[in-house]
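The next block holds one structure in the form of structure tokens; read it before the comments.
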Amino acid sequence: MSTNFPRIAIVGFAHSANVPESTGTTNGVEMLIPCFNKLYADLGISRTDIDFWCSGSSDYLAGRAFSFISAIDAIGAVPPINESHVEMDAAWALYEAWVKIATGEVDLALAYGFGKSSAGDMDQVLALQTDPYTVAPLWPDAPSLAGLQARAGIDAGAWSEADMAAVAARATGAHVDELLTAEYVREPLRGSDIAPYADAAAAIVLASEERARELVENPAWITGWDHRIDTPNFGARDLTRSPSTKLAGDTVFGDRSRDVDVAEIHAPYTHQELIVRNELGLGERTQINPSGGVMGGNALFSAGLQRIGYAAHAIHTGQARTALAHATSGPLLQQNMVVTLEGGDN
Numbered sequence: 566m567s568t569n570f571p572r573i574a575i576v577g578f579a580h581s582a583n584v585p586e587s588t589g590t591t592n593g594v595e596m597l598i599p600c601f602n603k604l605y606a607d608l609g610i611s612r613t614d615i616d617f618w619c620s621g622s623s624d625y626l627a628g629r630a631f632s633f634i635s636a637i638d639a640i641g642a643v644p645p646i647n648e649s650h651v652e653m654d655a656a657w658a659l660y661e662a663w664v665k666i667a668t669g670e671v672d673l674a675l676a677y678g679f680g681k682s683s684a685g686d687m688d689q690v691l692a693l694q695t696d697p698y699t700v701a702p703l704w705p706d707a708p709s710l711a712g713l714q715a716r717a718g719i720d721a722g723a724w725s726e727a728d729m730a731a732v733a734a735r736a737t738g739a740h741v742d743e744l745l746t747a748e749y750v751r752e753p754l755r756g757s758d759i760a761p762y763a764d765a766a767a768a769i770v771l772a773s774e775e776r777a778r779e780l781v782e783n784p785a786w787i788t789g790w791d792h793r794i795d796t797p798n799f800g801a802r803d804l805t806r807s808p809s810t811k812l813a814g815d816t817v818f819g820d821r822s823r824d825v826d827v828a829e830i831h832a833p834y835t836h837q838e839l840i841v842r843n844e845l846g847l848g849e850r851t852q853i854n855p856s857g858g859v860m861g862g863n864a865l866f867s868a869g870l871q872r873i874g875y876a877a878h879a880i881h882t883g884q885a886r887t888a889l890a891h892a893t894s895g896p897l898l899q900q901n902m903v904v905t906l907e908g909g910d911n
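Under our numbering, the very last position in the sequence shown is 911; numbers go up by exactly one each time.
Pasting the structure below:
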């Protein structure tokens, strides 16, 4: 990142529990209000101190058009607010907030995401992300598509079922040999290879350099940010690779060392973590997903934002000095975002 680019930092992170089912409405208000209140309390601010809000959610998931409008009830529309929205994981909402601060328009921004996966059949909903002419009419469920990708990697020698089980073992604490005895769900995927859908919300506060230094002792400074996209045509892609992840990583790191302390990777399937790790070229000492990643609960539309939040939290608490966060959207790692963070005054 250019030396004359404004310094911007993550100063706060909060999320609700990633649960299989919640009793609240699909507009996320019940999950969001506790997140916002925690951020206000932690930072010593009020909602009127926020200069810009940006949300990430899905009308398909909520089952209504312009569902994000209802979520504004969690913010309060009076006095009038400066607000925007993306129909994607809220990691992309955070990017918009970052750009807003970089332009000098605002000093403090809050990005949030929410999704109530339990309200519908997520495999059916996610099928609508695929090509509407050649793929969506087949109604392929997400694990079946992921199974095709996993099989392609195994057949190509890029990874093995044992490699996939090792990812699951780290996330769950189970033994690799035990996991490999389980039955297939979508061969070669076992239940431990598939992140279960979850209901959750999350929020992050971004601040300009001056405001960041006022609000927290150890801001998580953003040192690089990029996101790229691969073709939605599965037949035109090598599913064992992720060129968009590699390009985003190369752009973000430049000549800097990739030997970061912590990397939070958004991988809904074990083999996808292997793909992302390989494309990013992370060092051996990098701790991968100390939060547990999404294998404990894939909270649609806030899982990517949570990865960025957890990476920043590791810096805020002194567990890491350098960190990386990855977020993905679309089927089979179609779109990928990479963010690098650093603590201290460098």
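Note that CB positions come from ideal geometry on N, CA and C, so glycine has one too.
What first and last residue would you give for the alpha helix (DSSP H) that runs through residue i?
i    : result
I598 : 594-608
S632 : 632-636
R716 : 707-721
N843 : 835-845
G678 : Not the alpha helix (DSSP H): G678 falls in the beta strand (DSSP E), residues 673-681.
L691 : 687-692
A832 : Counting along the chain, A832 falls outside any alpha helix (DSSP H), and DSSP gives it neither H nor E.
A868 : 868-881
V741 : 741-744
L626 : 624-627
Tell whether a beta-carbon distance below 8 Å holds between residue i and residue j.
i    : j    : result
S809 : D795 : yes
D712 : P753 : Note on identity: in this sequence residue 712 is Gly, with Asp being the wrong assignment. Yes; because the gap between Cβ atoms is below 8 Å, this pair is in contact.
S867 : G678 : yes
S683 : S807 : no
A864 : G680 : yes
V841 : A760 : no
A574 : A768 : no
Q689 : H836 : no
V825 : A877 : no
D672 : R776 : yes
V643 : L608 : no
A727 : A733 : no
T805 : V827 : no
S622 : S611 : no
G908 : R886 : yes
D916 : E652 : Only positions 566 to 911 of the chain appear in this structure, which leaves residue 916 out of reach.
L521 : I787 : In the structure displayed, the chain extends from 566 to 911; residue 521 sits before or after that span and is not available.
G869 : A606 : no
K665 : A674 : yes
Using DSSP with H/G/I as helix, E/B as strand and the rest coil, what is residue i?
i    : result
N854 : coil
R751 : strand
S773 : strand
D764 : strand
T887 : strand
M902 : strand
V700 : coil
F818 : helix
T613 : helix
E779 : helix
I646 : coil
A734 : helix
E907 : strand
T810 : helix
S725 : coil
S894 : strand
Roughly how many angstroms separate the alpha carbons of residue i and residue j, rounded to a whole number?
i    : j    : result
G874 : T695 : 28 Å
C619 : Q899 : 23 Å
D791 : G861 : 27 Å
H580 : T699 : 37 Å
L626 : E648 : 21 Å
A765 : P599 : 12 Å
N798 : P645 : 42 Å
T893 : N854 : 15 Å
L745 : G848 : 27 Å
E779 : S709 : 49 Å
L597 : D720 : 44 Å
P571 : I640 : 27 Å
V741 : G756 : 13 Å
T737 : L839 : 16 Å
Assuming residue i is part of the beta strand (DSSP E), what are its boundary residues?
i    : result
G621 : 617-621
D791 : 785-794
V664 : Counting along the chain, V664 falls outside any beta strand (DSSP E), though it belongs to the alpha helix (DSSP H) covering 655-667.
I575 : 573-580
Counting contacts by CB-CB distance shorter than 8 Å, is residue i in contact with chain C?
i    : result
A868 : Here chain C cannot be found, since the structure has a single protein chain.
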